[in-house]
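Those protein sequences? They're chains A and B, same order as listed.
Per my numbering: the first sequence = residues 5 to 286.
Per my numbering: the second sequence = residues 41 to 373.
Note that the Cβ used here is the ideal one computed from N, Cα and C, for glycine as well.
Bear in mind the structure is a predicted one, so any value in this text is a computation, not a measurement.
Heads up, the thing below is written out as structure tokens.
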Amino acid sequence: MQTFNRSIHPGWLIIAPLLVLVVTLYLGPIMNILWLSFTDPEPGLGNYAKLGESDALLRIVWTTVRICIVTTLFSVGLGYSIAYAMVHCDQRQKNYMLTLLLVSFWISILVRTFSWLMLLGRKGLVNGTLENIGLIAEPIAFMRNELGVLIGMIHYMIPYAVLPLLVSMQSIDTRIMDASRNLGASGSQSFLRIYLPLTLPGLVASTLLVFILSLGFYVTPAVLGGGKVLMVAEYISVQLLVTLKWGTAAMLAALMLFGVLAMLWLMSKFMKLSTVFGGTTR
Amino acid sequence: MAEPLEIGSLQIRNVSKIFGTFKAVSDVSLNVQKGEFLTLLGPSGSGKTTLLMMLAGFLDVSEGDIALDGASIAGVPAEKRNFGMVFQGYALFPHMNVRDNIGYALSVRNRAVAEIEACVDEMLDLVQLQQFADRKPGQLSGGQQQRVALARALCFAPPVLLLDEPLGALDKKLRVEVQEQLKVIHRRIGTTFIYVTHDQEEALSMSDRIVIMRDGAIEQVGTPKELYERPKNKFTASFLGKSNFIHHNDKVYALRPEKIDLIVGVDHQDARMNGTVSSITYFGSMQRVIVDTKEGQKIEIDIDVWRNANEVKLGDAVDLLWADEAAVELQMG
Ligand SMILES: Nc1ncnc2c1ncn2[C@@H]1O[C@H](COP(=O)(O)OP(=O)(O)O)[C@@H](O)[C@H]1O
Ligand SMILES: [Mg+2]
């Protein structure tokens, strides 16, 4: 058993070529960015020191984190109820829901973002209607602010939140919930003591996925925030393309990378990551 | 837990379950005595699980009524029925250890921690799993999981325990062992057991009474001995044990293989049939001989090897004898 465990699993041979490719094409540039963050414009920790010096920079990071947290909370919360509904309705309705979910996956983020602008802008459908029927005198400011960014991002993220939850809910034996009822547990007791713990890995996976993807959002804040809500990704692009401060851009990118890695590390303290990503516990 | 239960008799009155246009259970009526070990026996798809699910309250009855000690429970939801249940596949809570699994029923009833602990310890004792109390279900063998499921279902002292093929996942040797344990436990606690199985040996060896089900309806009810000795029709006779069917004067009789005597050589004066031996299979405790009769029928005969020294050989011409009361007249159909 020991020797078998130590020898290389044949699976590695199959993915070896791909692995080499990914490592060189992926890790290479990342290393380059890390390198830049310490060397451009001059060697040292100057770029990172800016975080302490510049209020603006710190505010951007804070805005990003705040928006990502709110987005994650809402997406995962809504995603949980959608996934629950999908698992517990009959097969035909479930197929409809899955199709709708996938359709929203396939529509480009640009199209979806601009649709929100049409719908919720100052002269959009919602404001127009409300004004026409006399409910409001002034258009409600849905767009060009943080609210707009949140609406767009949550809408975009919900399918990502649903899928890991769906997988984890589907894997629960329905008899387990029956057993809980049979033993006298009320609905909320069954949920809190059985269902929630059993879907926790899915919940964590979904939270991580949504939060990490949200960190890199670019189009949605740019369009729906109307320049008023500056998030890290947009700021990085400005540094790269406009002000040409590659060092600052690299520093921010490295910061996000470390942030994500730190989150994964923290997570791994509480549960085996392999269970979160669908592996087995043993 | 230890004192005998006051309640636990069940009255099932003309119960049916209809899924769409399909009648999974049709017009079942049955009185279950308090403390009885009653087995629902039938082939797969005969409606055993469906009937049990209606008793547990997971399915509504389409027609009829179910009563506990005379009071209807048809409208009582599953979580209020207080029936213990051992599920097919056990349905243990995978994230809880054995102790928490067993204590769950009391814990959701907000009982004091000390009371729960005491009950769990008593249950662990009953199913002999003390040393596994802190393991998760995934770290237990099938037989141990089965015992956890049993302990969990008994911890709140239910008046009725429903068991759906609880030994289905175990290998044969273990099954026999657990059957014994189940019987001992049943005798000790005096709870009414309603036990579902498709295994006739299990039904025969464990039950006070057996209900034979076929296509959602009750075929015959009786003690194991009654059913084995007096099967009503071909279905019961062949489902519970093996049987030969003898046609005589437009009537059909069931004849158990072990109730036939076989004598080598023809023209015995009391012979009821004769023929030639076409197959002999050795099972250790007995030998199964198949005789092709002159009438073109195959008759199976079980011979006690130890007490029948004269060897039967393939191709032997033999006489078959049996007592009048060995052949049981059957209803047609
Ligand atoms: N929810 C359901 N919907 C439709 N048909 C069902 C349902 N549950 C069971 N059945 C049908 O009812 C019949 C009896 O099933 P079941 O009670 O599970 O049989 P058993 O437990 O004796 O094997 C089967 O033919 C099964 O297909
Ligand atoms: Mg069944």
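Q) Given Phe68(A), which residues of its chain have a CB within under 6 Å of its CB, disregarding the five upstream and five downstream residues? A) One-based indexing of the first sequence puts residue 68(A) at position 64. Per the sequence shown, residue 68(A) should be read as Thr rather than Phe. The beta carbon of Thr68(A) sits closer than 6 Å to the beta carbons of Met235, Val236 from its chain, once the five residues preceding and following it are set aside; these are given in chain order.
**Q.** Segment contact flag, the segment 126–140 of chain B with the segment 57–74 of chain B, C-beta cutoff 8 Å, min 3 pairs
**A.** no
Q) Is the shortest distance between the beta-carbon of Glu119(B) and the beta-carbons of chain A less than 7 Å? A) What you label residue 119(B) is simply residue 79 of the second sequence in a count that begins at 1. Yes, Glu119(B) lies at the interface with chain A (some Cβ there is under 7 Å from its Cβ).
Q: Could you pull the start and end residues of the beta strand (DSSP E) that Lys291(B) belongs to?
A: Stepping through the second sequence from its first residue, residue 291(B) is reached at position 251. Unbroken beta strand (DSSP E) run through Lys291(B): 291–295.
Q) Roughly how many angstroms separate the alpha carbons of Met246(B) and Val261(B), rounded to a whole number? A) The residue you call residue 246(B) lines up with position 206 of the second sequence. The residue you call residue 261(B) lines up with position 221 of the second sequence. Roughly 15 Å between the two C-alpha positions.
Q) Below 8 Å, can you find three or more Cβ-Cβ pairs linking the segment 295–303 of chain B to the segment 355–371 of chain B? A) Yes: at least three Cβ pairs fall under 8 Å.
Q) Are the C-beta atoms of Gln193(A) and some chain B residue less than 7 Å apart? A) Reading the first sequence from its first residue, position 189 is the one you call residue 193(A). So yes, Gln193(A) belongs to the interface.
Q) Distance, Cα to Cα, Glu365(B) vs Glu266(B)? A) The count along the second sequence starts at 1 and reaches residue 365(B) at position 325. The count along the second sequence starts at 1 and reaches residue 266(B) at position 226. Straight-line measurement puts the Cα of Glu266(B) at about 14 Å from the Cα of Glu365(B).
Q: Could you work out which residue in Leu248(A), Ile155(A), Leu217(A), Tyr88(A) is closest to Ser175(A) when comparing CA atoms only?
A: The count along the first sequence starts at 1 and reaches residue 175(A) at position 171. The residue with the shortest Cα to Cα distance from Ser175(A) is Tyr88(A).
Q) Which residues have a Cβ closer than 6 Å to any heavy atom of ligand 1, listed in chain order? A) Phe59(B), Phe62(B), Ala64(B), Gly82(B), Ser84(B), Gly85(B), Ser86(B), Gly87(B), Lys88(B), Thr89(B), Thr90(B)
**Q.** Where the segment 193–210 of chain A meets chain B: residues whose CB sits under 8 Å from a CB there
**A.** Close to chain B, meaning a Cβ-Cβ distance shorter than 8 Å, are the following residues of the segment 193–210 of chain A: Gln193, Arg197, Ile198, Pro201, Leu202.
Q.
For a cutoff of 7 Å on Cβ pairs, would you count Arg96(A) as touching chain B?
A. Indexing the first sequence from 1 puts residue 96(A) at position 92. For Arg96(A), the answer is no, since every Cβ of chain B falls outside 7 Å of its Cβ.
**Q.** Alpha-carbon spacing of Met41(B) relative to Val218(B), whole angstroms
**A.** For the purposes of this step, residue 41(B) is taken as the residue at position 1 of the second sequence. For the purposes of this step, residue 218(B) is taken as the residue at position 178 of the second sequence. Confidence at Met41(B) is low in this model, with a pLDDT of 42, below 50, so its placement is unreliable and the value that follows should be read with caution. Those two C-alpha atoms are separated by around 22 Å.
Q: Note down, in chain order, all residues in the segment 148–172 of chain B with a beta-carbon under 9 Å from any beta-carbon belonging to chain A.
A: Val148, Arg149
Q) Are Ala165(A) and Ser210(A) touching if we call contact CB-CB under 7 Å? A) Position 161 of the first sequence holds residue 165(A). Position 206 of the first sequence holds residue 210(A). Against a cut-off of 7 Å, the Cβ pair of Ser210(A) and Ala165(A) comes out as a contact.
Q.
For a quick check, are the C-beta atoms of Val345(B) and Val329(B) less than 7 Å apart?
A. In the second sequence, residue 345(B) corresponds to position 305, counting from 1. In the second sequence, residue 329(B) corresponds to position 289, counting from 1. Taking 7 Å as the Cβ cut-off, Val345(B) and Val329(B) do not qualify as a contacting pair.
Q: Taking only the alpha-carbon atoms, compute the straight-line gap between Met173(A) and Pro163(A) and give it to the nearest angstrom.
A: For this step, residue 173(A) is matched to residue 169 along the first sequence. For this step, residue 163(A) is matched to residue 159 along the first sequence. Distance between the alpha carbons of Met173(A) and Pro163(A): 15 Å.
(Q) Against chain B, which members of the segment 168–194 of chain A pass a CB distance test of less than 8 Å? (A) Asp177, Arg179, Ile180, Asp182, Ala183, Ser184, Arg185, Asn186, Leu187, Gly188, Ala189, Ser190, Gln193
**Q.** Among Tyr160(A), Tyr222(A), Leu261(A), Phe42(A), the one whose alpha carbon lies nearest that of Val214(A)
**A.** To locate residue 214(A), count along the first sequence from 1; it is residue 210. If we check each option's Cα against that of Val214(A), Tyr160(A) comes out closest.
Q) For Thr237(B), which beta-bridge partners are listed by DSSP? A) The residue given as residue 237(B) occupies position 197 in the second sequence. DSSP, once it has assigned bridges, lists Leu81(B) as partnering Thr237(B).
Q | Proximity winner among Ser56(B), Ile47(B), Asp165(B), Leu50(B), relative to Gly256(B) (alpha-carbon distances) | A | The residue labelled residue 256(B) in the question sits at position 216 within the second sequence. Selected option, being the one with the closest Cα: Ser56(B).
**Q.** Beta-carbon proximity list for Ile34(A), same chain, < 8 Å, skipping 5 on both sides
**A.** Numbered from 1 along the first sequence, position 30 holds the residue referred to as residue 34(A). For Ile34(A), where only same-chain residues beyond five positions count, the Cβ hits under 8 Å are Leu261.
(Q) Contact criterion: CB-CB distance below 7 Å. Does Tyr20(B) meet it with respect to chain A? (A) Past the edges of chain B, shown from 41 to 373, lies residue 20(B), and the structure says nothing about it.
Q) Any Cβ of chain A within less than 7 Å of the Cβ of Met94(B)? A) Within the second sequence, the letter at position 54 stands for residue 94(B). So, not an interface residue.
Q.
Taking 7 Å as the limit between beta carbons, can you name the residues of its chain near Glu369(B), skipping five residues before and five after?
A. Counted from its first residue, the second sequence places residue 369(B) at position 329. Once the five neighbours on either side are set aside, the close Cβ partners of Glu369(B) are Lys291, Tyr293.
Q: State the start and end residues of the unbroken beta strand (DSSP E) segment that holds His288(B).
A: For the purposes of this step, residue 288(B) is taken as the residue at position 248 of the second sequence. Its beta strand (DSSP E) spans residues 284–288.
Q: Output yes if chain B places a C-beta closer than 7 Å to the C-beta of Val223(A); else output no.
A: Within the first sequence, residue 223(A) is the residue found at index 219, counting from 1. Output row for Val223(A): interface = no.
Q: Quick one: using the 10 Å Cβ neighbour count with 16 as the cut-off for buried, is Val115(B) buried or exposed?
A: Taking the second sequence and counting its residues from 1, one reaches residue 115(B) at position 75. Strictly speaking, residue 115(B) in this sequence is Gly, with Val absent from that position. Gly115(B) should be labelled exposed.
Q: Please say whether Arg187(B) and Val167(B) have beta carbons closer to each other than 7 Å?
A: Numbered from 1 along the second sequence, position 127 holds the residue referred to as residue 167(B). Numbered from 1 along the second sequence, position 147 holds the residue referred to as residue 187(B). Contact flag set, yes.
(Q) By the three-class DSSP mapping on this structure, what secondary structure does Asn131(A) have? (A) For the purposes of this step, residue 131(A) is identified with residue 127 of the first sequence, where counting begins at 1. Three-state DSSP puts Asn131(A) in a helix.
(Q) Strictly below 9 Å CB to CB, what residues from chain A border Phe133(B)? (A) Sequence index remark: in the second sequence, residue 133(B) carries index 93 (1-based). Under the 9 Å cutoff, chain A gives Ile180, Ala183, Ser184, Arg197, Ile198, Pro201, Leu202.
Q) At a CB-CB cut-off below 7 Å, which residues of chain C make contact with Tyr144(B)? A) As a matter of chain content, chain C is missing from the structure shown, whose protein chains are A and B.
Q: Grab me the residues of Asp174(B)'s own chain with a C-beta within less than 8 Å of its C-beta, minus the 5 sequence neighbours each way, in chain order.
A: For the purposes of this step, residue 174(B) is identified with residue 134 of the second sequence, where counting begins at 1. Cβ within range, chain order: Asn137, Val138, Arg139.
**Q.** Partners in chain A for Gly129(B), counting only beta-carbon separations shorter than 9 Å
**A.** In the second sequence, counting from the first residue as 1, residue 129(B) sits at position 89. Near Gly129(B) (Cβ distances below 9 Å), the residues of chain A are Asp177, Arg179.
(Q) Using the Cβ count rule (16 or more neighbours within 10 Å means buried), how would you classify Phe62(B)? (A) As a first step, residue 62(B) is located in the second sequence; it is residue number 22 there, counting from the start. The residue in question, Phe62(B), is exposed, as its Cβ has fewer than 16 Cβ neighbours within 10 Å.
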